[in-house]
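For reference, the structure discussed in these notes is given below.
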Amino acid sequence: MSNEKRCTGCGVLLQDENILQEGYTTNIENDLCQRCFRMKNYGEYQVITKSNDEYIDILKEVGKTKDLVLYITDLLNIEKNIEQIRSIIKNKMILVLNKMDVFPKSVKESKLKMYLASKDINFEEIIVISTEKNYNIDYLLKRIKYFQTSKNVYVVGHTNAGKSSLINKLIKNYSDKSQELTMSPLPSTTLNMVSIDINNYLTLIDTPGLVDYGSMLNHVSPEMVKKISAKKEIKPRTYQLRKNQSIIIEDLVRIDYVEGEKNSFTLFISNDLKVKRLLNLFNNDALKEKNKITYEMKYDEDLAISGLGFIKIVNKGTINIYIDKDVDTFTRKSLI
Ligand SMILES: Nc1nc2c(ncn2[C@@H]2O[C@H](COP(=O)(O)OP(=O)(O)OP(=O)(O)O)[C@@H](O)[C@H]2O)c(=O)[nH]1
Ligand SMILES: [Mg+2]
Numbered sequence: 001m002s003n004e005k006r007c008t009g010c011g012v013l014l015q016d017e018n019i020l021q022e023g024y025t026t027n028i029e030n031d032l033c034q035r036c037f038r039m040k041n042y043g044e045y046q047v048i049t050k051s052n053d054e055y056i057d058i059l060k061e062v063g064k065t066k067d068l069v070l071y072i073t074d075l076l077n078i079e080k081n082i083e084q085i086r087s088i089i090k091n092k093m094i095l096v097l098n099k100m101d102v103f104p105k106s107v108k109e110s111k112l113k114m115y116l117a118s119k120d121i122n123f124e125e126i127i128v129i130s131t132e133k134n135y136n137i138d139y140l141l142k143r144i145k146y147f148q149t150s151k152n153v154y155v156v157g158h159t160n161a162g163k164s165s166l167i168n169k170l171i172k173n174y175s176d177k178s179q180e181l182t183m184s185p186l187p188s189t190t191l192n193m194v195s196i197d198i199n200n201y202l203t204l205i206d207t208p209g210l211v212d213y214g215s216m217l218n219h220v221s222p223e224m225v226k227k228i229s230a231k232k233e234i235k236p237r238t239y240q241l242r243k244n245q246s247i248i249i250e251d252l253v254r255i256d257y258v259e260g261e262k263n264s265f266t267l268f269i270s271n272d273l274k275v276k277r278l279l280n281l282f283n284n285d286a287l288k289e290k291n292k293i294t295y296e297m298k299y300d301e302d303l304a305i306s307g308l309g310f311i312k313i314v315n316k317g318t319i320n321i322y323i324d325k326d327v328d329t330f331t332r333k334s335l336i
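According to our numbering, the sequence shown is numbered sequentially starting from 1.
Now the structure itself:
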């Protein structure tokens, strides 16, 4: 039997005909599709790969409205192309930087905001929050009320930024609803728009995330995804490197310091990842089969590795990195 009923966890159209297809449920009376049911109750994750064309169509629908949009991004993984979504929708937008809890306490919010402001993208306001620790959620709600142009407020962003988690937090804090959106550590959890009335004046609309094909999360095993995703406050790890020394992170990336004065490399990555330092890079060829990229680092820049985190390098120098060819890397003025 097919119908118009949607899963309340991920927004997919429910169907009870084909177990191999999206939206399957044993009984059409259920609220959740089988995939959401298993994620919620057993933590069993099933990865679905979505094409961004569908997502861009959803964004264009949002763009046809005059409603306020919350653009959620993961602080550790501020996208290389943060303006990408902005270029599709011109609505009033608040930039919400989520997952402050995993960022080292030493990092000043003002510095983060300044970095984003320097990108010259038009946001009504930039707000730092932690959904996990309930940090700044009250303030965010105040600002939503201030900027909203109708009842409807859309929540957009790249996949895994914490959009559904944020909406769940707002439901829990400010409504008497029991609906819970599906959240998971893997990308592409939400599959379609899901509307939730928080109260008579506010309806939040969850959307699937834009897939960042350059993110490491899309190129490693589900076990490694869990390891890469920081759950606790990151303890920055600093290595003093001389020329011809090297850093290796798991079997994910190798960074050879090939030219420059003695230098300081500070890693902002999940505490669960193992890091090895080579005192002489010529003695070990590990990971050299991967794709090589050379960067001329300027004074006080970060090397950002999409999905993994970033490395602050204090002095100028030349580095060679070896990494999966599909993972994006870029340099920027240091965030810290
Ligand atoms: N440490 C930390 N983790 C968070 C926070 N908010 C969300 N997460 C985690 O981030 C992961 C992704 O959360 P979701 O809410 O599923 O993300 P999403 O943006 O809805 O993802 P898609 O539906 O795939 O687009 C989950 O493992 C969450 O537990 C936060 O404030 N701090
Ligand atoms: Mg989601």
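Just so you know, even glycine gets a beta-carbon here, dropped at the ideal spot from N, CA and C.
Bounds of any alpha helix (DSSP H) do not take in Ile-19, whose DSSP letter is neither H nor E.
With a 10 Å radius around the Cβ and a threshold of 16 neighbouring Cβ atoms, Tyr-55 comes out buried.
Here the C-alpha atom of Cys-10 lies approximately 11 Å from the C-alpha atom of Gln-34.
In this structure, ligand 2 has no non-hydrogen atom nearer than 8 Å to the beta-carbon of Lys-172. Between Asn-136 and Ile-127, the CB-CB gap stays under 9 Å.
If one requires a minimum length of 4 residues, the alpha helix (DSSP H) runs lying completely within the stretch 134-161 are 137-147, in chain order.
In this structure, DSSP gives Met-193 a state outside helix and strand, which the three-state scheme calls coil. Looking at Asn-52, Gly-23, Leu-32 and Thr-329, the one whose alpha-carbon comes closest to that of Thr-159 is Asn-52.
It is roughly 12 Å from the alpha-carbon of Ser-165 to the alpha-carbon of Thr-207. In the three-state DSSP reduction, Leu-273 falls in the coil class, being neither helix nor strand. Counting only runs of 4+ residues, the alpha helix (DSSP H) found wholly inside the stretch 93-117 occupies 109-117, in chain order.
With respect to Gln-240, Leu-278 sits apart: the two C-beta atoms are not nearer than 9 Å.
Under the three-state reduction of DSSP output, Glu-44 falls in the coil class, being neither helix nor strand. In the three-state reduction of the DSSP assignment, Phe-123 falls in the coil class.
Collapsing the DSSP output to three states places Glu-296 in a strand. Taken atom to atom, the span from the alpha-carbon of Leu-303 to that of Ser-118 is near 18 Å.
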